[in-house]
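Comments concern the structure below.
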Amino acid sequence: VSHSVLREKPLWCATRGLCFTEVWIHQYLRRSACRVNDPAEADFIYLPVYAACYGMDNPELEHATALELMYGRALSSLAPGGGAAAKSPQLLLVLTCEKWKMKGWEEALRHRSVVAAVEARPLQTHEGSPPPPPQQHASAGAASADEGRRPQLGGHTVHCKDCFRFGRDVVVPSAVLPVDAARLKAFNRAQEDRQLLACFHGEHAKTKTRDDVAQGYREVNETVRLAVLKHFEDKPETSVGGPHMGYSFFMGNSHFCLIPKGRGFWTVRLYEAFYSGCIPVLLSDSYALPFQTWLDWSKFSLKWPMERVGDGLYEHLKMLVAEQWDVVEALHTGVREAACWFDYHAPESGSCSPYLGLMRELAARTDRGDSKVGVDSSGPKLQRYWF
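Here my numbering is used: the first residue of the sequence shown is 8, the next is one more, and so on.
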């Protein structure tokens with residue numbers, strides 16, 4: 008269907024960056040028992056766009072021409088009006104970055120498509136709109152007290168609150184590179200042998216590794232990672248800081264892995280935690296989690312308000328290990344039992360895999376759906392916490 012320029016080194020995209028999950032989904036769908044050859048028999052027509060590989064916000068002419076041809080053919084294959092009412096297949100688009108790189112295509116595609124995305128509140132850049140005035144603080148103490156409480160994002164970049172349609176679109180987990188997954192598994196210790204309370208190592212707005220990375224965090228006014236560094240870096244039995252070669256070891260040796268918001272509310276750190284057997288502590292208020300209608304995330308994670316990172320989180324985690332070990336054991340067990348839903352590298356894992364999760368979610372949006380898989384058009388209450 009697509010022009011050859013859109014098939015240039017597609018698998019190479021899985022060797023860089025964090026937005027390669029579509030590669031794994033595509034390879035699964037190619038071999039899936041759900042695949043049919045006749046579009047008239049299909050509920051969905053999947054378009055392998057590989058958005059992470061192309062500058063689709065401002066594509067080069069040859070890419071733009073190829074995309075126009077591909078989308079035009081796909082749309083022309085659908086019945087007029089599209090959607091369930093017309094009993095015609097819908098387009099399935101897989102978008103696996105914090106930005107949905109679909110500028111210029113939303114109007115033509117959205118009413119005829121279902122989006123499977125890792126981020127339900129994607130970043131959008133509004134060209135021409137002036138950035139908000141910089142916030143002033145009386146002191147460094149006042150600045151840190153305000154961390155996580157700023158509703159407006161800096162620069163021209165904002166989180167889109169209505170791009171994702173709950174009840175129609177699907178949140179999917181992010182894949183972890185095979186080499187990283189293997190390393191994390193290798194350092195996954197038994198819960199009774201773990202020596203650290205909590206860990207986090209990653210990029211942030213003051214990172215020294217690359218200026219463009221730091222700028223990327225600053226342009227979305229990301230502050231929770233800085234708060235984690237400030238309030239955990241010197242605490243006993245923790246390993247917290249910037250990127251570190253020993254990160255896989257630290258995760259496998261920790262009871263809790265801190266999962267702060269990145270540029271988007273989504274972060275691959277969450278899915279790394281399952282390979283390491285580490286209990287995720289979500290610090291991302293508006294993170295729409297995958298498979299929430301039938302996975303009880305409170306059984307294998309904690310979620311703490313971003314603005315309260317310095318307000319008793321360390322003490323709470325320490326109390327759980329010291330005084331409520333049965334709770335920690337149950338959470339560790341929950342992590343082990345749920346991990347298969349996020350492991351893209353074990354597609355033949357019987358009744359539990361991210362591929363099966365995606366299929367269940369898509370089926371629930373058709374008349375083939377499992378009645379046990381609910382579809383809530385109002386969406387989950389994102390700012391809900393459990394700890």
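Glycine included, every Cβ here is placed at the ideal spot set by N, Cα and C.
Between residue i and the rest of its own chain, which residues show a CB-CB distance below 8 Å, the 5 nearest in sequence each way excluded?
| i | result |
| --- | --- |
| Y224 | E210, H211, A212, T214, R232, G269, R270 |
| V247 | A205, C206, F207, H208, V235, L236, F239, E240, L265 |
| S39 | Y362, M366 |
| D176 | V121, V122, A123, A124, A127 |
| R339 | It should be pointed out that residue 339 corresponds to His in this sequence rather than to Arg. Answer for H339: Q198, H262, G284, I286, listed in chain order. |
| F51 | P96, Q97, L98, L99, V121, L369 |
| K192 | Y282, S283 |
Among the options, which residue has its Cα nearest to the Cα of residue i?
| i | options | result |
| --- | --- | --- |
| T245 | Q202, C20, Y392 | Q202 |
| G174 | R128, L369, A193, V186 | L369 |
| Q131 | C167, L99, L102 | C167 |
| D200 | C285, E344, S360 | C285 |
| G253 | V227, F272, P267, S283 | S283 |
| A197 | S181, T216, F256, R372 | F256 |
| L389 | H118, L327, A295 | A295 |
| R119 | D45, R172, E105 | R172 |
| R343 | A193, G364, F281 | F281 |
| G364 | K242, V178, K306, G341 | V178 |
| G341 | T373, V316, K306, E314 | K306 |
| H70 | N44, W31, V12 | V12 |
| K242 | R276, L289, G317 | G317 |
Buried or exposed: where does residue i fall if 16 or more other Cβ atoms within 10 Å of its Cβ makes it buried?
| i | result |
| --- | --- |
| E48 | exposed |
| S358 | exposed |
| P141 | Its pLDDT being 40, under 50, P141 is placed unreliably by the model, and the measurement read from it follows with that caveat. Result: exposed. |
| W107 | buried |
| Q97 | buried |
| N195 | buried |
| T274 | buried |
| E126 | buried |
| N260 | buried |
| Y321 | buried |
| A188 | buried |
| W332 | exposed |
| W393 | exposed |
| Y309 | The sequence shown places Leu at residue 309, rather than the Tyr named in the question. When all chains shown are included, L309 counts as buried. |
| L68 | exposed |
| A73 | buried |
| T230 | buried |
| E330 | exposed |
| D319 | Sequence inspection shows Gly at residue 319; the Asp mentioned does not correspond to that position. Classification of G319: exposed, given that the 10 Å Cβ count is below 16. |
| P250 | exposed |
| P267 | buried |
| R217 | exposed |
| V56 | buried |
Which same chain residues end up closer than 7 Å to residue i when comparing Cβ atoms and leaving out the 5 residues on each side of it in sequence?
| i | result |
| --- | --- |
| L36 | R42, Y53 |
| G325 | Note that residue 325 corresponds to Lys in the displayed sequence, not to Gly. If we look at K325 and ignore the five residues flanking it on each side, its Cβ neighbours are L204. |
| E336 | Q198 |
| P312 | D292, Y392 |
| R190 | S255 |
| L327 | V334, V335 |
| A221 | A212, K213, T214 |
| R2 | Absent from the model: residue 2. The displayed extent of the chain is 8 to 394, so no value can be given. |
| H33 | P55 |
Tell me, please, which residues DSSP counts as bridged to residue i.
| i | result |
| --- | --- |
| Q222 | Answer is none; Q222 lacks a bridge partner. |
| A123 | V101, V177 |
| G248 | H208 |
| S261 | L203 |
| H118 | Paired residues: none, contrary to the question. |
| F51 | Q97 |
| W304 | For W304, which the question treats as bridged, DSSP gives no partner whatsoever. |
| P46 | Per DSSP, none; premise fails for P46. |
| L309 | V288 |
| Q131 | V165 |
| W393 | K310 |
| I32 | Answer by DSSP bridge pairing: none, since I32 is not bridged. |
| P267 | L290 |
| K106 | L130 |
Going along the chain, which residues of its own chain have a beta-carbon closer than 6 Å to the beta-carbon of residue i, five neighbours each way excluded?
| i | result |
| --- | --- |
| V183 | Y278, E279 |
| C60 | C20 |
| P185 | H352 |
| T103 | C26, T28, E29, V125 |
| P180 | Y278, P297, F349, P361 |
| C170 | P129 |
| T373 | D50 |
Heavy atom of the ligand NAP less than 6 Å from the Cβ of residue i, yes or no?
| i | result |
| --- | --- |
| P96 | The ligand NAP is not among the ligands present in this structure, which contains no ligands whatsoever. |
Do three or more CB pairs link the region 301-311 to the region 332-352 at distances below 8 Å?
Touching, per the Cβ criterion.
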